[in-house]
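**Q** Got a structure for you, questions after.
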Amino acid sequence: MAESSRARPQSRISSASSLDAEFDALALQACDDAGALNDVVRAYTALEKLIDTSALSDCEVLTPSRTELSALLRLLNDALLVRINTVNAATGMVHEALQRNTTGAM
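Laid out in structure tokens, this is it:
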């Protein structure tokens, strides 16, 4: 009986450190995903500057075709969807880890 009571605290310690490592990994992934989303926002800002030619001087002419703009938007939308899905998956994993932590603590 004494041996089983000694095993339980050890398993709780390893479980807690495993949970901490999981939270650290999820936090790092969320930071990486946020950085990637910032890249997508910068791409949209660049697109906005391409479309808004009012700031260009008369000697600068920039006329992207509709096909080029469509391809750029499609690429950006696909990238944004991938990032959103990644963030959703990461936050879902955090939620599950928190649920396991609160359930395990009781």
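Start counting the sequence shown at 272; every next residue gets the next number (the working numbering).
Glycine included, C-beta positions come from ideal geometry on N, C-alpha and C.
Look at D304 and R354 and say whether their C-beta atoms are less than 8 Å apart.
**A** Cβ atoms of D304 and R354: closer than 8 Å.
**Q** Do you know whose CA, among E293, D295, A287, A307, lies nearest T357's CA?
**A** When only C-alpha atoms are compared, the closest one is A307.
**Q** In three-state terms, what does DSSP make of D323?
**A** Three-state result, D323: coil.
**Q** Taking only the alpha-carbon atoms, compute the straight-line gap between E339 and D349 and give it to the nearest angstrom.
**A** Roughly 15 Å separates the two Cα atoms.
**Q** Excluding the five sequence neighbours on either side, which residues of its own chain have a C-beta within less than 7 Å of the C-beta of Q300, listed in chain order?
**A** Excluding sequence neighbours, Q300 sits near A361.
**Q** Leaving out five residues on either side along the sequence, give the residues of the same chain with a beta carbon under 7 Å from the beta carbon of A296.
**A** Within the same chain, A296 has no close Cβ partners at all.
**Q** Check each candidate in R337, L347, S288 and name the one with the smallest Cα separation from A317.
**A** Cα-wise, what sits closest to A317 is L347.
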